[in-house]
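What follows is a set of notes on a single structure, which appears directly below.
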Amino acid sequence: SQTIHQWPATLVQPVGSPLSLECTVEGTSNPNLYWYRQAAGRGLQLLFYSVGIGQISSEVPQNLSASRPQDRQFILSSKKLLLSDSGFYLCAWRDRGLNYGYTFGSGTRLTVV
Amino acid sequence: GQSLEQPSEVTAVEGAIVQINCTYQTSGFYGLSWYQQHDGGAPTFLSYNALDGLEETGRFSSFLSRSDSYGYLLLQELQMKDSASYFCAYQAAGNKLTFGGGTRVLVKP
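Quick note, the sequences are listed as chains A and B, same order.
Under my numbering, think of the first position of the first sequence as 328, with each following residue one higher.
Under my numbering, think of the first position of the second sequence as 21, with each following residue one higher.
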């Protein structure tokens with residue numbers, strides 16, 4: 328069966344520090360991968376998505392970046408965090424078949440202080 | 021522009037029926053999905069409608085009218101565990117899923 332792993336679960340980082348969040352998917356190949364961010368009490372905002380290794384599409388211009396070094400690995404990074412980067416970050420995957428549902432990881436709650 | 025609108029909050033009692041409406045505006049529309057998210061948790065997929073009509077999955081049903089750019093999620097026989105936020109989301113061109121702001125459902129005994 329397919330599983331998605333996301334870590335860490337919580338993170339407190341100072342302003343100006345770097346960020347690296349990792350997401351891996353098991354039990355599938357060539358998935359579409361996504362990074363979403365959710366502010367408290369709000370909807371999910373799509374940040375990046377990837378349809379293959381090295382292929383990244385950015386939805387929101389900001390100081391975040393994403394990379395996909397391996398088929399089932401998706402990384403969200405920042406060189407210098409801002410206070411406004413605080414939020415709940417969710418990785419998701421979707422296979423390319425007829426399953427239309429996205430499967431989300433357990434999320435990382437990031438607080439920038 | 022591209023957007024989805026849904027009510028911010030709905031309150032109902034156990035055993036009742038709740039309908040969450042969702043209107044959307046987009047081009048290249050493929051289908052409408054619904055997700056459930058409990059506080060502190062990740063969203064989980066409930067349903068997907070690509071064609072007009074009603075899709076039933078247990079106590080939950082989802083409806084789509086493409087001509088009206090409208091859909092709804094129907095929660096029947098409400099249980100306390102159904103207290104959560106519910107998001108509609110559309111699948112459009114470019115492998116992207118765009119979410120609405122969510123509807124918080126509070127089930128009271």
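Glycine included, every Cβ here is placed at the ideal spot set by N, Cα and C.
Output the distance between the C-alpha atoms of G91 of chain B and Y44 of chain B, rounded to the nearest integer angstrom.
To locate residue 91 of chain B, count along the second sequence from 1; it is residue 71. To locate residue 44 of chain B, count along the second sequence from 1; it is residue 24. So the two alpha carbons sit approximately 8 angstroms from each other.
Suppose only complete runs of 3+ residues qualify. What are the beta strand (DSSP E) ranges in the segment 404-429 of chain A, listed by chain order?
The qualifying runs are 414-421.
Could you name the residues of chain B that Y429 of chain A contacts, counting a contact when the two beta carbons are closer than 9 angstroms?
The sequence position of residue 429 of chain A within the first sequence is 102, counting from 1. Neighbours of Y429 of chain A on chain B, chain order: S53, Y55, P63, F65, A109, L117.
Please name the residue in B:A104, B:S81, B:A109 whose C-alpha comes closest to that of Q96 of chain B.
Counted from its first residue, the second sequence places residue 96 of chain B at position 76. For the residues B:A104, B:S81, B:A109, the minimum Cα distance to Q96 of chain B belongs to B:S81.
Select from A:N359, A:Q329, A:G343, A:V342 the residue whose C-alpha is nearest the C-alpha of I383 of chain A.
Position 56 of the first sequence, counted from the start, is the residue given in the question as residue 383 of chain A. When each option's Cα is compared against that of I383 of chain A, the closest is A:N359.
Please report how far the alpha carbon of S385 of chain A lies from the alpha carbon of V33 of chain B, in whole angstroms.
What you label residue 385 of chain A is simply residue 58 of the first sequence in a count that begins at 1. What you label residue 33 of chain B is simply residue 13 of the second sequence in a count that begins at 1. One C-alpha to the other measures close to 42 angstroms.
Using CA atoms only, rank isn't needed, just tell me which of A:S394, A:Y427, A:S405, A:G381 is closest to N69 of chain B.
Taking the first residue of the second sequence as position 1, residue 69 of chain B is located at position 49. That would be A:Y427, whose Cα lies nearest to the Cα of N69 of chain B.
L371 of chain A CB to nearest chain B CB: under 7 angstroms?
By one-based count along the first sequence, residue 371 of chain A stands at place 44. Judged by the 7 angstroms Cβ criterion, L371 of chain A is in contact with chain B.
Taking the alpha carbon of S344 of chain A as the point to measure from, which residue in A:A367, A:S433, A:K406 has its own alpha carbon closest?
Looking up residue 344 of chain A in the first sequence gives position 17. For S344 of chain A, the nearest C-alpha among the options comes from A:K406.
Please confirm if G120 of chain B has its CB atom under 7 angstroms from at least one CB of chain A.
Mapped onto the second sequence, residue 120 of chain B falls at position 100. Judged by the 7 angstroms Cβ criterion, G120 of chain B is in contact with chain A.
Taking the alpha-carbon of K128 of chain B as reference, which of B:N115, B:G122, B:A104 has the nearest alpha-carbon?
Here residue 128 of chain B refers to the residue found at position 108 of the second sequence. When only C-alpha atoms are compared, the closest one is B:A104.
Who are I331 of chain A's beta bridge partners in DSSP?
Here residue 331 of chain A refers to the residue found at position 4 of the first sequence. DSSP, once it has assigned bridges, lists A:V352 as partnering I331 of chain A.
Taking 7 angstroms as the CB-CB cut-off, is Y90 of chain B touching chain A?
Reading the second sequence from its first residue, position 70 is the one you call residue 90 of chain B. Output row for Y90 of chain B: interface = no.
When the cut-off is 7 angstroms and only beta carbons count, does G434 of chain A lie next to chain B?
Numbered from 1 along the first sequence, position 107 holds the residue referred to as residue 434 of chain A. Yes, G434 of chain A counts as interfacial toward chain B.
From K116 of chain B to V440 of chain A, what does the alpha carbon distance come to, in whole angstroms?
By 1-based counting over the second sequence, the position of residue 116 of chain B is 96. By 1-based counting over the first sequence, the position of residue 440 of chain A is 113. Inter-residue distance for K116 of chain B and V440 of chain A is about 31 angstroms (C-alpha atoms, whole angstroms).
Do you know offhand how far T355 of chain A's Cα is from Y363 of chain A's?
One-based indexing of the first sequence puts residue 355 of chain A at position 28. One-based indexing of the first sequence puts residue 363 of chain A at position 36. If I take the Cα positions, the gap works out to 20 angstroms.
Between the alpha carbons of V342 of chain A and S377 of chain A, how many angstroms are there, rounded?
Here residue 342 of chain A corresponds to residue number 15 of the first sequence, with the count starting at 1. Here residue 377 of chain A corresponds to residue number 50 of the first sequence, with the count starting at 1. Cα to Cα, V342 of chain A sits roughly 28 angstroms from S377 of chain A.
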